[in-house]
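Notes to accompany the following structure.
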Amino acid sequence: MEFTEAYKQTGSYAFSPNARFLAVAVDYRLVIRDVLSLKVVQLFSCLDKITYIEWAPDSEYILCGLYKKPMIQAWSLTQPDWTCKIDEGPAGVAYARWSPDSRHILTTSDFQLRLTVWSLVNTACIHVQWPKHGSKGVSFTKDGKFAAICTRRDCKDYVNLLSCHTWEIMGVFAVDTLDLADVQWSADDSAIVIWDSPLEYKVLIYSPDGRCLAKYQAYESGLGVKSVSWSPCSQFLAVGSYDQMLRVLNHLTWKVFAEFVHPSAVRGPCCAAIFKEVDEQLDMSELSLGDDFVQYSSDNASEAHIQVRYNVLEVPINLPSQKPPADKPNPKQGISLLSWSSDSQYICTRNDSIPTVLWIWDINHLELASILVQKDPIRAAAWDPTCPRLVLCTGSSHIYMWTPSGAYCINVPLPQFAVIDLKWNSDGSCLFLKDKESFCCASPEILQESSDYSSDD
Numbered sequence: 000m001e002f003t004e005a006y007k008q009t010g011s012y013a014f015s016p017n018a019r020f021l022a023v024a025v026d027y028r029l030v031i032r033d034v035l036s037l038k039v040v041q042l043f044s045c046l047d048k049i050t051y052i053e054w055a056p057d058s059e060y061i062l063c064g065l066y067k068k069p070m071i072q073a074w075s076l077t078q079p080d081w082t083c084k085i086d087e088g089p090a091g092v093a094y095a096r097w098s099p100d101s102r103h104i105l106t107t108s109d110f111q112l113r114l115t116v117w118s119l120v121n122t123a124c125i126h127v128q129w130p131k132h133g134s135k136g137v138s139f140t141k142d143g144k145f146a147a148i149c150t151r152r153d154c155k156d157y158v159n160l161l162s163c164h165t166w167e168i169m170g171v172f173a174v175d176t177l178d179l180a181d182v183q184w185s186a187d188d189s190a191i192v193i194w195d196s197p198l199e200y201k202v203l204i205y206s207p208d209g210r211c212l213a214k215y216q217a218y219e220s221g222l223g224v225k226s227v228s229w230s231p232c233s234q235f236l237a238v239g240s241y242d243q244m245l246r247v248l249n250h251l252t253w254k255v256f257a258e259f260v261h262p263s264a265v266r267g268p269c270c271a272a273i274f275k276e277v278d279e280q281l282d283m284s285e286l287s288l289g290d291d292f293v294q295y296s297s298d299n300a301s302e303a304h305i306q307v308r309y310n311v312l313e314v315p316i317n318l319p320s321q322k323p324p325a326d327k328p329n330p331k332q333g334i335s336l337l338s339w340s341s342d343s344q345y346i347c348t349r350n351d352s353i354p355t356v357l358w359i360w361d362i363n364h365l366e367l368a369s370i371l372v373q374k375d376p377i378r379a380a381a382w383d384p385t386c387p388r389l390v391l392c393t394g395s396s397h398i399y400m401w402t403p404s405g406a407y408c409i410n411v412p413l414p415q416f417a418v419i420d421l422k423w424n425s426d427g428s429c430l431f432l433k434d435k436e437s438f439c440c441a442s443p444e445i446l447q448e449s450s451d452y453s454s455d456d
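Given below as structure tokens:
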């Protein structure tokens, strides 16, 4: 794997949907770089520090959220002189997003007073009153024709279906939730999933015309749903809960066909490959080294003589778990990280009460495929969009990669670089690695066809 040098950044970043450009915020400047060479192709100056970046789906426009101001600025890559500024005045701006046609910007005001659709073509705007959330509660169909916007009025949650062509409301239906958490269209646009707040375990499946197709409730007492994700093929719906279980529903009957537990002690029989990150002390005694190198290595002994690798473990094993305090809100337990591979065969999860462990499940065989036991809590994990390859980071100077054929540790060859976040671009050719104040990019090797990496190997 090849790495670039480090470049400065101060927070937000985003790959363009066409995988050609990388946008990075550096204080009040928006830097657009070419993905292949990382050369600067455009530089825009905003009126305040940039807190959020989002590309338009056509990769021609990009918006910057200046939430301290608060306002939105948008820029064009093809027309550098073109500018756009959106200021809601006293209502403020809590969040902004692009519409699928790349010619409208949706903003949510502070305190969820209204959601406004701003046109970049004719400067018209349309208001939707009482949006449920600021950054959540809005989902677009994959074909870009419709938007589902959650609202709340008279102590009741509603879903508004809007046409993304005319922005007229095509229909409104009430949903059976106490406090709606979020909404998500399926990848084939055939169904809408809605789930309740953690205080009420409730997952609801609706058709686009407002019919309730299914209602799922795993249990009644205790905190409920923590994460929800459709599979890319739309055939499965994964639900992570506070009871430290992952449940997968099918799209035909909307019944649970798989339940995966995340125990702190793994016992046999278990076919999963278990990898544990360990430090390996390098033996330097037999090497003939100069005095200068010996002096340098003694000053940097912790870095120079230690490398990281995976050990393969056998069951039974005990995993490092922690019990959240009972007197504090939002306990660190349950399935918060939940991500599907691009082929819908694998799903990775993290149980927050065992934060150093990543679980990888094989949906085709309905079994645990692998367990990755890290030294530090897992910060982020991301699937390659082109093949079943998973990369994760833990805030160390390494990244960790898993494929169905095995797992390995990769050192980032940059001084004082700790990877706290990562992201693939859309064609899988570039991996963004984020440090606290800098970033670099990596070019992973192209894997063979995914059929060569089956779980039977």
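The numbering of the sequence shown is numbering that gives the first Met the number 0, which starts it at 0 and goes up by one. Note that beta-carbon positions come from the ideal geometry of N, C-alpha and C, so glycine has one too.
Could you tell me the distance, in whole angstroms, from the CA atom of residue i to the CA atom of residue j?
| i | j | result |
| --- | --- | --- |
| Ala13 | Lys422 | 9 angstroms |
| Val356 | Thr402 | 16 angstroms |
| Arg32 | Gly239 | 37 angstroms |
| Leu76 | Arg19 | 12 angstroms |
| Ser226 | Lys48 | 31 angstroms |
| Pro319 | Trp358 | 14 angstroms |
| Gly143 | Leu203 | 23 angstroms |
| Ala95 | Gln306 | 43 angstroms |
| Leu161 | Trp339 | 28 angstroms |
| Gln8 | Val92 | 23 angstroms |
| Ser297 | Leu391 | Only weak support exists for where Ser297 lies, its pLDDT of 46 falling under 50; the value from the coordinates is given anyway. Each residue's alpha carbon lies about 31 angstroms from the other. |
| Trp184 | Ala190 | 6 angstroms |
| Ser44 | Phe235 | 44 angstroms |
| His126 | Ser437 | 39 angstroms |
| Lys67 | Gln280 | 48 angstroms |
| Arg28 | Val260 | 46 angstroms |
| Phe139 | Ala186 | 10 angstroms |
| Phe256 | Thr348 | 17 angstroms |
| Ile316 | Cys270 | 13 angstroms |
| Ala73 | Leu430 | 25 angstroms |
| Glu53 | Ile71 | 11 angstroms |
| Cys439 | Gly10 | 13 angstroms |
Hey, out of the options, whose CA is closest to residue i's CA?
| i | options | result |
| --- | --- | --- |
| Ser50 | Leu65, Phe172, Ser226 and Gln111 | Reading off the sequence, residue 50 comes out as Thr, not Ser. Nearest of Leu65, Phe172, Ser226 and Gln111 to Thr50, Cα basis: Leu65. |
| Ser228 | Gly221, Asn249 and Leu365 | Asn249 |
| Asp100 | Ile377, Lys48 and Leu119 | Leu119 |
| Gly267 | Gln280, Val314, Val277 and Asp278 | Val314 |
| Cys154 | Met169, Val174 and Glu167 | Val174 |
| Tyr6 | Ser442, Ile445, Lys435 and Glu167 | Lys435 |
| Val182 | Ala271, Pro387, Asp109 and Gly136 | Gly136 |
| Cys408 | Glu276, Trp382 and Tyr345 | Glu276 |
| Leu336 | Phe43, Pro354 and Ser220 | Pro354 |
| Asp80 | Asp86, Lys67, Glu53 and Leu42 | Leu42 |
| Ala264 | Val372, Ala441, Gln415 and Trp97 | Val372 |
| Ile346 | Cys163, Pro324 and Pro387 | Pro387 |
| Gln78 | Ile85, Val40 and Asp109 | Val40 |
| Leu114 | Gln72, His132 and Trp360 | His132 |
| Ser134 | Pro414, Ser108 and Val158 | Ser108 |
| Pro89 | Phe110, Asp188 and Ile104 | Phe110 |
Do residue j and residue i count as a contact pair if the criterion is CB distance below 8 angstroms?
| i | j | result |
| --- | --- | --- |
| Pro197 | Val224 | yes |
| Ile193 | Thr165 | no |
| Leu179 | Cys149 | yes |
| Val418 | Ile398 | yes |
| Gln243 | Ile334 | yes |
| Ser341 | Pro443 | no |
| Ala380 | Leu367 | no |
| Trp129 | Arg152 | yes |
| Asn410 | Ser428 | no |
| Asn424 | Val34 | yes |
| Ile273 | Ile370 | yes |
| Trp117 | Ile85 | yes |
| Met0 | Ala441 | yes |
| Gln332 | Pro324 | no |
Kindly indicate which three-state DSSP category residue i falls into: helix, strand or coil?
| i | result |
| --- | --- |
| Pro130 | strand |
| Ala90 | helix |
| Phe256 | strand |
| Phe416 | coil |
| Asp109 | helix |
| Ala190 | coil |
| Asn17 | coil |
| Cys440 | strand |
| Leu312 | strand |
| Val356 | strand |
| Ser230 | coil |
| Asn350 | strand |
| Glu4 | coil |
| Asp142 | coil |
Cβ contact (3+ pairs, closer than 8 angstroms) linking the stretch 12–30 and the stretch 51–63: Result yes; three or more Cβ-Cβ pairs closer than 8 angstroms.
If you pair each beta-carbon of the stretch 211–223 with each one of the stretch 307–327, do three or more pairs fall below 8 angstroms? no
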